[in-house]
Amino acid sequence: MTRAKILGLGSYVPDRVVKNEEIPYLDHHHVRQKEKQTETSDEWIRSRTGIEERRYVPNDGKWRTSDLALRAAEAAIADAGLEPKDIDCIILGTLSPDIHFPGTAVFLQSKLGIDGEEGCACYDIRQQCSGFIYGLEMADAFVKAGKFERVLVVGSELHSHSLDYSTRGRDVMVLFGDGAGAVVVGKDPSPTEKSGILYTHTQADGSGAWHLYLKCFDIGKIPMVYYDGNDPEQNRDMYPTMDGKRVYLHAVRNMVAATKRALEKTGLTWDDIDWFVPHQANLRINEAVTQYAQIPPEKVLNSIMWYGNTTAATVPLTIDHWRKAGKVKKGDRVLSTVFGSGFTWGAGIFEV
Ligand code: UT7
């Protein structure tokens with residue numbers, strides 16, 4: 000049977016480093032002001048989340064999510080020893096699309112220079128923080144079924160333009176950063192029973208939908224956009240809303256269950272896994288998952304300290320970060336678990 004594997008990996012983060020100390024002074028264009036704009040502190044952010052800094056794109060109006068995606072995709076394609084024209088399907092996960100429609104994957108396709116009448120299939124998927132594992136599962140199935148040969152899976156987020164930089168939005172605003180990660184999935188040229196992508200599993204629970212959401216518009220209303228973005232009294236719908244404690248509890252519970260299930264279903268143990276890469280929403284969540292799922296702490300890779308939560312990008316970004324640092328080697332086996340808005344969650348075991 001055909002098996003799929005990750006042929007290449009890449010990531011991208013913008014140059015601007017925004018440290019926790021700077022956060023209270025940012026205005027709504029994330030420009031640093033002399034006066035405090037938001038009641039928050041390095042101590043609060045660091046102790047509750049583990050985040051020390053994150054990256055933001057320049058606010059010069061020239062950046063969209065597809066631009067971050069492009070850089071990560073180019074790196075992944077080069078890492079696979081391929082060229083953009085070799086890609087026959089793009090799956091892009093984001094909660095910060097360039098515009099409402101069309102999806103961001105087609106903008107990425109154009110930026111990669113592979114649009115036109117022979118252009119490849121393009122999917123946008125909407126699983127927020129779980130987007131990477133959902134995309135990987137789709138790519139794995141496509142390749143195994145013989146439908147596509149080389150699938151580009153990208154998680155890309157531009158959060159810094161859609162955060163509420165005021166005390167009202169501080170619980171969410173301090174968490175997020177901009178970034179992108181990508182992999183190319185293709186046929187495993189020398190498959191064995193446990194090579195390449197060994198396992199993926201995804202789930203959702205729609206009863207959690209209103210615990211973490213961003214409206215921006217409501218199609219049930221006419222007009223579907225009914226706020227004045229410049230009026231703080233009525234512009235809440237432009238920003239994410241989260242019941243943090245509830246999301247936290249569900250995240251820990253489902254990431255633990257998904258991790259245990261991945262090992263049960265594959266018959267693997269931690270001796271067979273090189274690295275555990277959880278979604279990067281909160282270091283405390285990952286510490287709790289590590290404890291409850293009895294994961295060897297030395298196998299856990301985090302990157303939230305430097306990038307914050309980059310949603311669909313966190314998993315490939317974290318793996319690539321640690322590969323560049325020399326820790327992760329080509330062919331290492333990763334167990335990853337994710338959880339996010341929806342609620343959606345899942346897990347995967349794969350070689351990188
Ligand atoms: O990506 C997947 C989805 N996201 C997540 O998985 C995130 C899950 N949730 C969390 O990570 C945590 O719930 C947060 C980090 C968001 C919040 O931490 P918490 O310990 O649950 O804090 P809290 O919401 O219970 O707030 C505690 C206090 C409140 O003040 P009072 O009512 O006790 O006076 C908040 O108003 O902290 C206040 N607070 C802040 N203070 C300073 C909330 N955000 C901030 C802030 N700076 N940024």
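So in numbering that gives the first Met the number 0 the end of the sequence shown lands on 351, straight run, no missing numbers. We put the CB at the ideal spot given by N, CA and C, even for glycine.
Residue i vs residue j beta-carbon contact at 8 angstroms
i, j, result
"G134", "G102", "no"
"L151", "I89", "yes"
"I124", "G130", "yes"
"V327", "V351", "yes"
"A257", "W344", "yes"
"L211", "M172", "no"
"Y24", "R31", "yes"
"Q36", "S165", "yes"
"V142", "A3", "yes"
"D319", "L8", "yes"
"D204", "F100", "no"
"G339", "Q126", "yes"
"T352", "I284", "Outside the shown range of the chain, which is 0 to 351, sits residue 352, and nothing can be said about it."
"T1", "G185", "no"
"D97", "R63", "yes"
"S392", "S161", "Because the chain in this structure spans residues 0 to 351, residue 392 falls outside the shown range and cannot be described."
"A104", "A181", "no"
"R169", "E38", "yes"
"M6", "L69", "Reading the sequence as shown, one finds Leu at residue 6 and not Met. Not closer than 8 angstroms, so no."
"G228", "N234", "yes"
"S10", "P315", "yes"
"G292", "V337", "The amino acid at residue 292 is misidentified as Gly; the sequence shows Ala. No, they are not a contact pair."
"Y226", "D217", "no"
"A79", "V183", "yes"
"R45", "N19", "yes"
"L213", "Y238", "yes"
"Q279", "T317", "yes"
"Y198", "I303", "no"
"S65", "F106", "yes"
One or two residues paired with residue i in a DSSP bridge
i, result
"H200", "A346"
"R149", "G185"
"G195", "In DSSP, G195 forms no bridge with anything."
"Y11", "A179"
"E52", "K18"
"Y24", "For Y24, which the question treats as bridged, DSSP gives no partner whatsoever."
"R31", "L25"
Within-8 angstroms CB hit, residue i to chain D
i, result
"V12", "Among the chains of the structure shown, chain D does not appear; only one protein chain is present."
Residue i in three-state terms, based on DSSP
i, result
"D97", "coil"
"I6", "According to the sequence provided, residue 6 is Leu. The question's Ile does not apply to it. L6 falls in the strand class under three-state DSSP."
"T64", "helix"
"T336", "strand"
"V105", "helix"
"H92", "As written in the sequence, residue 92 is Gly, which differs from the His given in the question. The answer is strand: DSSP assigns G92 an E or B state."
"L211", "strand"
"T37", "coil"
"G205", "helix"
Return the chain-ordered ranges of every alpha helix (DSSP H) run that is complete within the segment 224-312 and spans a minimum of 4 residues.
-> If you keep only unbroken alpha helix (DSSP H) runs of at least 4 residues inside the segment 224-312, you get 243-265, 282-291, 303-306.
So does the segment 42-62 actually touch the segment 165-181, counting three or more Cβ pairs closer than 8 angstroms?
-> The segment 42-62 makes contact with the segment 165-181, as at least three CB pairs between them are under 8 angstroms.
Which whole runs of the alpha helix (DSSP H) in the segment 120-184 are 4 residues long or more, in chain order?
-> Runs of alpha helix (DSSP H) with 4 or more residues, each lying fully within the segment 120-184, are found at 130-144, 169-172, listed in chain order.
Kindly confirm or deny that the segment 329-345 and the segment 264-276 touch, where touching means at least three C-beta pairs closer than 8 angstroms.
-> Judged by pairs of C-beta atoms under 8 angstroms, the segment 329-345 touches the segment 264-276, as three or more such pairs exist.
Contact the segment 297-311 vs the segment 155-162: 3+ CB pairs below 8 angstroms | Using a C-beta cut-off of 8 angstroms, the segment 297-311 makes contact with the segment 155-162, since at least three inter-stretch Cβ pairs fall below that distance.
Examine the Cβ distances between the segment 53-62 and the segment 74-85 and report whether three or more of them are shorter than 8 angstroms.
-> The segment 53-62, when compared against the segment 74-85, does not touch it at the 8 angstroms Cβ threshold.
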